[in-house]
Amino acid sequence: MSADDLLLTLLIGFLAISLLRGLGYRRLSEDPRFTTWLNRIDRVPYWSRVIAFLAAVALLAYINGDDYFTSVLVSVATYAMLGLGLNIVVGFAGLLDLGYAAFFAIGAYTSALLTTQAHWNFFTTVPLAVLFTGTAGAILGYPTLRLRSDYLAIVTLGFGEMTRVTFNNWDYAGGPNGILQIPFPEIPTFSLAGVSIGYTFQSQFDFLLVGLALLAVAMIFAQHLEHSRLGRGWIAIREDEFAAESVGVPSLRLKLYAYVMGGMWGGLAGAFFATRIGAIDPTSFTFLLSVNVLIVIVLGGTGSLPGVLLGALIVIGLPEVLRTFADQRLLIFGIGLLVIILRLALGIWPRIRRKPQPYYGLEIEEPAKVAAKILVEHQQQMVRRDARHAAAGHRVIEEGEAILEVQGVVQQFGGLRAVDNVTFDVKRGEIFSIIGPNGGGKTTLFNCITGVQKPKAGKILIDGRSVVGLRPHVIAGRGVGRTFQGIRLFKQMAVFENVMVGLYPRHRTMTWQALLHTPGERKDEIRTLEESRRWLGFVGMEHLAGRLATELSYADQRRVEIARALAAHPHLVLFDEPAAGMNPTEKLELDAIIRKIRGLGITVVLIEHDMSLVMRISDRIAVLDHGTLIALGVPADIQEDPAVIEAYLGREDEIPMPRAKGA
Amino acid sequence: MGPFLQYTVIGLTVGSFYALVALGYTIVYGIVRLINFAQGDLSTLGAFLGWTLLVTFGLQELPLPLALVIAFVIPMLGTAAVNLVILEIAYKPLFNKSLLAILISALACSLILSNGIEWIFGPRIEAYPPSLLPAEGMFLGTVHVTFVQIALVVVSLLLMGTLVAFVQGTTIGTAMRALAVDHDAARLMGINVNQVIRLAFVLGALLAAASGVMLGLYYVQIQFSNGFLLGLRAFTAAVLGGIGNIPGAMAGGMIIGLVESYTTGYLSGKWEDVIVFGVLITVLVIRPVGLFGERVAERM
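Top line first, the protein sequences correspond to chains A and B.
The first sequence begins at 88 in our numbering and counts up one residue at a time.
The second sequence begins at 746 in our numbering and counts up one residue at a time.
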């Protein structure tokens, strides 16, 4: 078969497979035979699948033997490496990057300069190229962390252009002419037991072998990252940065990691590109390259690793197949791209996050045992926490003492005082409700406590320590969980993954452990999975663990949010209108869940409009109206309090326009 | 002081082109939160349409004012029509899909437009009639200002002023501002959302095409790939001023024009990109929403 025909066959073949895959998921996703089969595949180690696939590619090139076909495959491998890196930034962390070519350039120049000027061996330049591009990622990332995505587009684009222009103007790196005569990769000659070993990679097939080896490393590491605590943190940030922060994910640090990691993959690809082409100049690293890599990942399906390979095959292969239309090649490519994106906005091989049996392979636990296990584990956690707390020289708050102290807190928006000099305590182990008409300042107060907003005045102490001015993830890490008034689950993640994100502050695995997938990290992952299952069991949601968060009913989403808030074993939880949108039966279940939470020894603070629920379960109630605290006491007193009745129903001598009781 | 003022004049002239294209980015972004990457290429399309009329169809033989009016109006209308087609085919189906999908769609449109222009008009550099406009100028002190420069800046300012008056003073302008804040609420108030979106695309294209013809008249030479750099500068300008903000886009355009001109004058043309983006990044680090942008509070 001629090279072009083979390329076209590959393209059509992979497209057909991806179509079948889509159909399979649509038709069979509820069929247990299909899902069990999928889970079995899942258990085959990823590295072995990658190596088998890439070996098959190498074998195909070897049998075909056509240099042109092989060189196209080498380009596909280069683009796939780039795509994997950009996928970390764009696909996982959701940060737009239009200047990815910069990392490619820095990697290529680092390796090229080291091999031509310092005469290093290619393979030893790779780690340095990766190190340099990682640093460049940090330099780009640091000033841009707080920018919104549309602004990121132009800043990253600018970074890409600045890098290219700098290389263009830099005489040591050859200026516009670039660097020529970059040596081939070689294994230096040495003798081992009398046999002399050494090899210079110089044919296209040799390059393909080197490229596939590097690609294998890039793929395996990328997969390890995706299925780690870090990867889940990234995806959570992409879905909802505020919610991620509030469950303890340090969003700024993770974004910086994403830039660094993304840059490293670009450096790997760049070094390989330099030695393979043999001569580089600034025109190889234009904006168009950044766009092409972005197209690779969006076409394949953002966030999907097999999608990157498929995207690279299309972006490189399609123009080659279209060579006969040389003049209008880019025009046709543009139209083709538009058609594909209009038809398949999610990409050709999208990452499917729902998982019918997420706990496949774990042993089944009795419901009674689950409750006991949670209790034991939570008590252990609490004891450990208190010990840590005491060791750090803080006073441990005993049952019945104030765990949350709000002292004279003021929050102001423009001229409106949303919270006006509010003072109260919440005691350890109690269920405390905050009620009041809409606009009373309840959610604003929650936002001040959890660090989303900084109060204009006043003190907030949790566990006897001030939390004013701390970032939300730090406060979450101190053992404060929360839910939101308008549910903020990570919509495109499965239910069990949502809860696993909630466990983020619990574990301390390092990034390198995640990259290498060390035994310690694996154990942590399994523990995380098991705990997510227990917490879902705790709120009665285990049977829906594999669904996407958006597929759930309103009440179920609220329960998942509660499980997510509990996952890290907090000792104080803040629930913002947990009963909103629930029917009477579901409210009774919620009632039981809240009591169970208190049974674990967790202090619960509620904002709630459902008076019967509030009166049933609260130990004490605070009433906020127009930002001021108008009453504080046990339920029976609050019900009789004239100020409270007036706030809700208005005074009798007023014009009869009762303020809305709230939704 | 001599060169400084001279660079300032050049900077303001170039800056007014950037400002016109930047306004197109900003209007469209303000309404649909979409970066229309085709904006720079729309300008090039306008330039080529004007060139076709003046050179190929011999409009340059007509009396100058008449020739100019036709050479501006027809390209502007033609480009607006093209932008509407782009909106309907490439953007509308993706409005509720992912942000990335629509971005890729915009990039594809840019690719299609610039390569389409190359296909239709050819890859060569074409030239506007060089002697169409008077080359004379006058000296303000030591600074030489051509009448063309003055005319171009005045026309740009007039176009921008009309736009501001339109957005601030008319009912449909109010509808545009309402839409920029909240689509659903605007729809519930009886605003025809689709029509306003179309209007934004028409306005963006009109400004882009006008800047294209002006660029052709000023620089004489045009090429199919011009749109990329122009779009890049204008996009930078829009973000610098705070994307979605109309005065911001104008100020941003002028600032970018000046920075570019000073860099070329005092340092070297080859550092232009580095300095321009350096300024942008510095501004964004200090003010993450751009010079005139407002911080958007997110409801928890």
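In this text, a Cβ means the ideal position worked out from N, Cα and C, and glycines have one as well.
In this text the structure is predicted, and so the values were computed from the model without any measurement.
Taking the beta carbon of A/Q498 as the centre, do at least 16 other beta carbons fall within 10 Å, making it buried, or is it exposed? Locating residue 498 of chain A in the first sequence gives position 411, where the first residue counts as 1. So A/Q498 counts as buried.
Can you tell me which of the three DSSP states A/S135 falls into? Taking the first sequence and counting its residues from 1, the one referred to as residue 135 of chain A is at position 48. Three-state DSSP puts A/S135 in a helix.
Using a Cβ-Cβ cut-off of 7 Å (strictly less than) and excluding sequence neighbours within five positions of A/T165, which residues of its own chain qualify? By 1-based counting over the first sequence, the position of residue 165 of chain A is 78. Correct list, in chain order: G298, A356, F359, F360.
State the Cα-Cα distance for the pair A/F308 and B/I857, rounded to the nearest angstrom. Here residue 308 of chain A refers to the residue found at position 221 when the first sequence is read from its first residue. Here residue 857 of chain B refers to the residue found at position 112 when the second sequence is read from its first residue. If you take the alpha carbons of A/F308 and B/I857, they lie about 36 Å apart.
Does the pairing of the region 338-356 of chain A with the region 575-585 of chain A give three or more beta-carbon distances under 8 Å? Result no; under three Cβ-Cβ pairs closer than 8 Å.
Closest Cβ-Cβ distance between A/R438 and chain B: below 8 Å? Taking the first sequence and counting its residues from 1, one reaches residue 438 of chain A at position 351. A/R438 has a beta carbon lying at 8 Å or more from every beta carbon in chain B.
Distance between B/Y836 and A/F210 (C-alpha atoms, nearest Å): Your numbering for residue 210 of chain A matches position 123 in the first sequence. Your numbering for residue 836 of chain B matches position 91 in the second sequence. The C-alpha of A/F210 lies about 46 Å from the C-alpha of B/Y836.
Output, in chain order, the set of chain B residues within a Cβ distance shorter than 8 Å of A/M580. Stepping through the first sequence from its first residue, residue 580 of chain A is reached at position 493. Residues of chain B passing the Cβ test: none, with the nearest at roughly 15 Å.
Residue range of the unbroken beta strand (DSSP E) whose run includes A/E248: In the first sequence, the residue the question calls residue 248 of chain A occupies position 161. Counting along the chain, A/E248 falls outside any beta strand (DSSP E), though it belongs to the alpha helix (DSSP H) covering 236-256.
For A/K514, the residue or residues it bridges with in DSSP: Within the first sequence, residue 514 of chain A is the residue found at index 427, counting from 1. Answer is A/A489, bridged to A/K514.
For A/D346, count neighbouring Cβ atoms within 10 angstroms of its own Cβ and tell me buried if that reaches 16, exposed if not. As a working mapping, residue 346 of chain A is identified with position 259 in the first sequence. First, the residue type needs correcting, since residue 346 of chain A is Tyr and not Asp in the sequence shown. Taking all protein chains in view, the Cβ of A/Y346 is crowded by 16 or more other Cβ atoms within 10 Å, so the residue is classified as buried.
Checking the sheet assignment: what are the DSSP bridge partners for A/K546? The sequence position of residue 546 of chain A within the first sequence is 459, counting from 1. In the DSSP assignment, A/K546 is bridged to A/Q494.
Uninterrupted alpha helix (DSSP H) stretches inside the region 566-601 of chain A (no shorter than 4 residues): Restricting attention to alpha helix (DSSP H) runs no shorter than 4 residues, the region 566-601 of chain A encloses them at 582-589, ordered along the chain.
With 8 Å set as the bound, which would you pick, yes or no: does the beta-carbon of B/I857 sit closer than that to a beta-carbon of chain A? On the second sequence, position 112 is the one that residue 857 of chain B refers to. For B/I857, the answer is yes, since a Cβ of chain A falls inside 8 Å of its Cβ.
Measure from the C-beta of A/L425 to each C-beta in chain B and report whether the shortest distance is under 8 Å. On the first sequence, position 338 is the one that residue 425 of chain A refers to. Flagged as an interface residue toward chain B: A/L425, by a C-beta distance shorter than 8 Å.
Straight-line CA distance for B/L935 to B/A945? On the second sequence, position 190 is the one that residue 935 of chain B refers to. On the second sequence, position 200 is the one that residue 945 of chain B refers to. Checking the displayed sequence, the identity of residue 935 of chain B turns out to be Gly instead of Leu. Here the alpha carbon of B/G935 sits roughly 18 Å from the alpha carbon of B/A945.
According to DSSP, A/V710 sits in a beta bridge with which residue or residues? The residue labelled residue 710 of chain A in the question sits at position 623 within the first sequence. For A/V710, the beta-bridge partners assigned by DSSP are A/I522, A/A718.
CB contact check: A/D237 to chain B, cutoff 8 Å: Taking the first residue of the first sequence as 1, we reach residue 237 of chain A at position 150. The beta carbon of A/D237 sits closer than 8 Å to some beta carbon of chain B.
So for A/P745, helix, strand or coil by DSSP? The sequence position of residue 745 of chain A within the first sequence is 658, counting from 1. Unreliable placement is indicated for A/P745, whose pLDDT of 49 sits below 50; the coordinate value is still reported in the next sentence. In the structure shown, A/P745 sits in coil (DSSP, three-state: anything other than H, G, I, E or B).
Against B/N761, what residues of chain A qualify as contacts under a CB-to-CB distance less than 8 Å, listed in chain order? Sequence index remark: in the second sequence, residue 761 of chain B carries index 16 (1-based). The sequence shown places Ser at residue 761 of chain B, not Asn. Near B/S761 there are no residues of chain A at all, since even the closest Cβ is about 20 Å away, more than 8 Å.
So that I know if they touch, is there some Cβ in chain A lying closer than 8 Å to that of B/N860? As a working note, residue 860 of chain B is residue 115 in the second sequence. So, interface residue.
Name the two residues that bound the continuous beta strand (DSSP E) containing A/S116. Translated into the one-based positions of the first sequence, residue 116 of chain A becomes position 29. First-last for A/S116: undefined, no H or E at that position.
Through-space distance from A/V304 to A/P275, alpha-carbon basis: Working through the first sequence from its first residue, we reach residue 275 of chain A at position 188. Working through the first sequence from its first residue, we reach residue 304 of chain A at position 217. Computed Cα separation, rounded: 22 Å.
Examine chain B for any beta-carbon lying closer than 8 Å to the beta-carbon of A/P559, and answer yes or no. Mapped onto the first sequence, residue 559 of chain A falls at position 472. For A/P559, the answer is no, since every Cβ of chain B falls outside 8 Å of its Cβ.
Here's the rule I'm using: 16 or more other beta-carbon atoms within 10 Å means buried, otherwise exposed. How should A/K748 be labelled? Residue mapping note: residue 748 of chain A aligns to position 661 of the first sequence, counting from 1. For A/K748, the pLDDT reaches just 45, beneath the cut-off of 50, and the residue's location in the model is therefore unreliable, leaving the point undetermined.
Could you check the C-alpha separation between A/L146 and A/G387 for me, to the nearest Å? Position 59 of the first sequence holds residue 146 of chain A. Position 300 of the first sequence holds residue 387 of chain A. Going from the Cα of A/L146 to the Cα of A/G387 covers about 24 Å.
What are the boundary residues of the alpha helix (DSSP H) that A/L171 is part of? The residue you call residue 171 of chain A lines up with position 84 of the first sequence. Per DSSP, A/L171 belongs to the alpha helix (DSSP H) from 154-173.
Buried or exposed: where does B/V941 fall if 16 or more other Cβ atoms within 10 Å of its Cβ makes it buried? By 1-based counting over the second sequence, the position of residue 941 of chain B is 196. Classification of B/V941: buried, given that the 10 Å Cβ count is 16 or more.
Exposure of A/Q466, with buried meaning 16 or more beta-carbon neighbours within 10 Å: As a first step, residue 466 of chain A is located in the first sequence; it is residue number 379 there, counting from the start. Sixteen is the threshold: since fewer than 16 other Cβ atoms of the shown chains lie within 10 Å of the Cβ of A/Q466, the residue is exposed.
For the beta strand (DSSP E) that contains A/P214, what are its first and last residues? The residue labelled residue 214 of chain A in the question sits at position 127 within the first sequence. Taken as a continuous stretch (DSSP letters only), A/P214 belongs to no beta strand (DSSP E), being part of the alpha helix (DSSP H) at 209-231.
Using DSSP with H/G/I as helix, E/B as strand and the rest coil, what is A/S105? In the first sequence, counting from the first residue as 1, residue 105 of chain A sits at position 18. Helix at A/S105.
For B/G756, count the other beta carbons within 10 Å of its own beta carbon; 16 or more makes it buried, fewer makes it exposed. Which is it? Locating residue 756 of chain B in the second sequence gives position 11, where the first residue counts as 1. A residue is called buried once 16 or more other Cβ atoms fall within 10 Å of its Cβ, and B/G756 is buried on that count.
Check whether the Cβ of A/M168 sits closer than 7 Å to any heavy atom of the ligand MG, and report yes or no. Annotation note on the ligand MG: not contained in the displayed structure, which lists no ligands.
I'd like to confirm the pairing. Which residues does DSSP put opposite A/S283 in its beta bridges? Taking the first residue of the first sequence as 1, we reach residue 283 of chain A at position 196. Per DSSP, A/S278.
With a cut-off of 8 Å on the beta carbons, I'd call A/I367 and A/K342 a contact; round off their distance for me. Residue numbering aside, residue 367 of chain A sits at position 280 when the first sequence is read from its first letter. Residue numbering aside, residue 342 of chain A sits at position 255 when the first sequence is read from its first letter. 30 Å between Cβ atoms; not a contact.
Expressed to the nearest angstrom, what Euclidean distance is found between the alpha-carbon atoms of A/R746 and B/S761? Along the first sequence, read from residue 1 onward, the residue named residue 746 of chain A stands at position 659. Along the second sequence, read from residue 1 onward, the residue named residue 761 of chain B stands at position 16. In this prediction, A/R746 has a pLDDT of 49, which is less than 50 and means its spatial position is unreliable; what the coordinates show is noted afterwards. Rounded to whole angstroms, A/R746 to B/S761 spans 54 Å at the Cα level.
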